[in-house]
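**Student:** Numbering (our numbering), first residue to last: 1 to 83.
Quick reminder that beta carbons are idealized off the backbone N, C-alpha and C, glycines included.
Values in this document were obtained by computation on a predicted structure and should not be read as measured data.
Structure representation (structure tokens):
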């Protein structure tokens, strides 16, 4: 009976060790995937921020060009009206 208990104890220890090993490997894989996803998200966020800054600069340039064009149009009208 003692031999059976010792044998079962040894089997359970090995089984628990195997389960812990599998869980550890699975957790490492999940952690690696999460880390990779976080890196990709950060890259997208950085690219998005850069694109937003470029868009703001382009909007400012477009507004300035619109103002210049309107100024030229107004000058052209005044010249036509004066002559």
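1) For the alpha helix (DSSP H) holding residue 15, just list the boundary residues, first then last.
2) From residue 26 to residue 12, what does the alpha carbon distance come to, in whole angstroms?
3) Ignore the nearest five residues each way along the sequence and tell me which others in residue 37's own chain have a CB closer than 7 Å to its CB.
4) Quick check: the Cα distance between residue 77 and residue 58, rounded to an integer number of angstroms?
**Tutor:** In this structure, then:
1) For residue 15, the enclosing alpha helix (DSSP H) has its first and last residue at 2 to 82.
2) A direct Cα-Cα distance of roughly 21 Å separates residue 26 from residue 12.
3) none
4) 28 Å
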